[in-house]
Amino acid sequence: MARDDIQAIDSERVVFVHAHPDDESITTGGAIATLVDRGATVTVVTCTRGEHGEVVPLDIRSLQGDGPALAEHRASELAAALAVLGVSDHRFLGERNARWADREPRTYLDSGMQWGRSGAMPLDVVVDDSLSAADFGEVAADIATVIDQTKATAVVSYDGTGGYGHPDHIRAAEAAQRAADVMGIPFFAVQPDGTAGELTLDVRPVFDRKRAAMAAHRSQLAIDGDNFTLSTGPARAIGVSESFSRVREAAQHPPVWKEQSLSVKIFVYVLALVVGAALGGVSTVEHQFSVMIGSWPAPVGAVVSVAVAAALFVGARLAFGERLVPLFAAIGFIGVVGLLSVPGTGGSVLVPANPAGYALTYGPAVIALVVLAWPAPGTFSRHDKLDRPAQPKGTPAS
């Protein structure tokens, strides 16, 4: 993304998806404040309330290990931080305004983590209500609901590693990307400090607000001048720039059938009619063919003819995702069979009244009715596409 795109951001509607309170300020506080100042509509979604967070100050250390109390405290810190950044639309994932339609509100709990030899690792025991243990499709669907409600034009979350490997960060990033892909909007991944991205924001004009927002998360970090310290130590400089890269799906899909021009659709309809008619003619001629198996004449021709009709109708329905293409194919196929079933001037018929003839006459018609009446895949919801993590192309390396 070119730097000029930053200047056009004032008309954007951006959804930031973060795993815990404090993540929004540490990793994207400058970007959030910058977007708000430039007139963009910003929504921050926090997936959990950080019940497993380690508490830094001694005077409130008693909150550590008390999940509900720490969650309430961190929610108040988050509200203060977002007020500093200028965010007026904040949502906890799973609440009514960030929940898939017709589902009861729920709370996603902090999954927690532990440090292993290779870095951040899941806890040995993860409760069922935690974010990382939740159904992936459910999490992605809840995020997609926010995208739909806000009419978002972009989604921002972590990269494929979740930044540093926390299970909740990884789940939030994967679900946010899947939701963005399904809803057809760009997904941008936060790049680790010191890593160049397609888009780098200089956040020095809003640095004081970013620092103040981070300071609001007193339970999780300590501010000392322009540095901050987490419970894991050591001190780090507060970032004066924030980088992002767009992450794209593994394959760029061609335009869907409904987006094709009328001339293309008419051509396909005519082609389906012609192909159906041609296959109907061949099937009519060959449907009486049989192979003797012992003393039994196996109706190979009839079976193949019905199978060809089924393949044509079902294939057209699946390939184009609508009913008109298989309808024209069925009209061509069944129409030619019907025409060739009429007795000739000499009284001969190509479709006699025998089992093979009945199979050719009625089999394709029944198949066509079933295919045309069958509900289109994905017509009831987008949830089927939200059930698995995205397979990104060129996911930025950490």
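Residue numbering for the sequence shown follows this note's numbering, starting at 1 and increasing by one per position.
Glycine is no exception: its CB is placed at the ideal position from the N, C-alpha and C atoms.
Computed from a predicted model, the values in this text were never measured in an experiment.
With distances taken Cα to Cα, identify the nearest neighbour of Phe-136 among Gly-86, Lys-210 and Arg-171. Here residue 136 refers to the residue found at position 136 of the sequence shown. Among Gly-86, Lys-210 and Arg-171, the Cα nearest to that of Phe-136 belongs to Arg-171.
What number of angstroms, rounded off, separates the C-alpha of Gly-335 from the C-alpha of Ala-319? Translated into the one-based positions of the sequence shown, residue 335 becomes position 335. Translated into the one-based positions of the sequence shown, residue 319 becomes position 319. Near 23 Å, if we compare the C-alpha coordinates of Ala-319 and Gly-335.
Is it buried or exposed, Ala-81, if we count other Cβ atoms within 10 angstroms and call 16 or more buried? Taking the first residue of the sequence shown as 1, we reach residue 81 at position 81. Ala-81 should be labelled buried.
Would you tell me roughly how many angstroms separate the C-alpha atoms of Ala-133 and Ser-111, rounded to the nearest one? For the purposes of this step, residue 133 is taken as the residue at position 133 of the sequence shown. For the purposes of this step, residue 111 is taken as the residue at position 111 of the sequence shown. Looking at the two C-alpha atoms, the distance is approximately 8 Å.
In terms of alpha-carbon separation, which member of Val-156, Pro-167 and Pro-205 lies closest to Val-125? Along the sequence shown, one-based indexing puts residue 125 at 125. Closest option to Val-125, Cα to Cα, is Pro-167.
Classify Arg-103: buried if its beta carbon has 16 or more other beta carbons within 10 angstroms, exposed otherwise. Position 103 of the sequence shown holds residue 103. Exposed.
What three-state label does DSSP hand Ala-249 in the structure shown? Counting from 1 along the sequence shown, the entry for residue 249 is found at position 249. In the sequence on display, residue 249 carries Glu and not Ala. Residue state, collapsed to three classes: strand.
Out of curiosity, what's the CA-to-CA distance linking Leu-93 and Ser-157? As a first step, residue 93 is located in the sequence shown; it is residue number 93 there, counting from the start. As a first step, residue 157 is located in the sequence shown; it is residue number 157 there, counting from the start. Answer to the nearest angstrom: the Cα atoms are 14 Å apart.
For Trp-313, does the three-state DSSP call read helix, strand or coil? The residue given as residue 313 occupies position 313 in the sequence shown. Checking the displayed sequence, the identity of residue 313 turns out to be Phe instead of Trp. Note: Phe-313 maps to helix in three-state DSSP.
Residues bridged to Ile-293 [DSSP beta-bridge criterion]: Locating residue 293 in the sequence shown gives position 293, counting from the first residue. DSSP, once it has assigned bridges, lists Trp-296 as partnering Ile-293.
Under 8 Å: do the segment 116–123 and the segment 27–37 share three or more Cβ pairs, one atom per stretch? no
To the nearest angstrom, how far is it from the Cα of Val-56 to the Cα of Thr-195? Looking up residue 56 in the sequence shown gives position 56. Looking up residue 195 in the sequence shown gives position 195. Cα-Cα distance, rounded: 28 Å.
What does Arg-91 pair with, by DSSP beta-bridge criteria? Against the sequence shown, residue 91 aligns to sequence position 91. DSSP, once it has assigned bridges, lists Val-45 as partnering Arg-91.
Beta-carbon contacts of Ala-173 that lie in its chain and below 6 Å, excluding the five residues immediately before and after: Start at 1 with the first residue of the sequence shown, and residue 173 comes out as number 173. Contacts found: Ser-157, Tyr-158 and Gly-162.
Cβ-based neighbour list, His-90, same chain, cut-off 6 Å, excluding 5 preceding and 5 following: Counted from its first residue, the sequence shown places residue 90 at position 90. Cβ neighbours of His-90 beyond the five flanking positions: Val-44 and Leu-82.
To the nearest angstrom, report how far apart Val-270 and Trp-374 are at their CA atoms. Numbered from its first residue, the sequence shown carries residue 270 at position 270. Numbered from its first residue, the sequence shown carries residue 374 at position 374. Computed Cα separation, rounded: 23 Å.
Three-state secondary structure (DSSP) at Thr-200? What you label residue 200 is simply residue 200 of the sequence shown in a count that begins at 1. In this structure, Thr-200 counts as strand in the three-state DSSP scheme.
Per DSSP, what kind of secondary structure is Arg-74 in: helix, strand or coil? For the purposes of this step, residue 74 is taken as residue 74 along the sequence shown, with counting starting at 1. Helix.
Note the first and the last residue of the continuous beta strand (DSSP E) segment covering Val-190. Residue 190 sits at position 190 when you count from the first residue of the sequence shown. Element bounds for Val-190: 187–190.
Just the C-alpha distance for Ala-79 and Leu-369, rounded to the nearest angstrom, thanks. Looking up residue 79 in the sequence shown gives position 79. Looking up residue 369 in the sequence shown gives position 369. Rounded to the nearest angstrom, the two C-alpha atoms are 57 Å apart.
Drop a sphere of 10 angstroms on the beta-carbon of Asp-66, count the other beta-carbons inside from all chains shown, and report buried for 16 or more, exposed for fewer. As a first step, residue 66 must be located in the sequence shown, where it is residue number 66. With fewer than 16 other Cβ atoms within 10 Å, it is exposed.
Buried versus exposed, by CB contacts within 10 Å (16 or more), Ile-293: Sequence index remark: in the sequence shown, residue 293 carries index 293 (1-based). Under this definition Ile-293 is an exposed residue.
Is the segment 229–242 close to the segment 284–299, with three or more CB pairs under 8 Å? no
For Gly-116, three-class secondary structure by DSSP: Sequence index remark: in the sequence shown, residue 116 carries index 116 (1-based). In the structure shown, Gly-116 sits in a strand (DSSP, three-state: E or B).
Taking the beta carbon of Tyr-108 as the centre, do at least 16 other beta carbons fall within 10 Å, making it buried, or is it exposed? The residue given as residue 108 occupies position 108 in the sequence shown. Buried: at least 16 other Cβ atoms inside 10 Å.
Cβ of Ala-154 within 9 Å of Cβ of Glu-12? If you number the sequence shown from 1, residue 154 lands on position 154. If you number the sequence shown from 1, residue 12 lands on position 12. Their beta carbons are under 9 Å apart, which means Ala-154 touches Glu-12 by this criterion.
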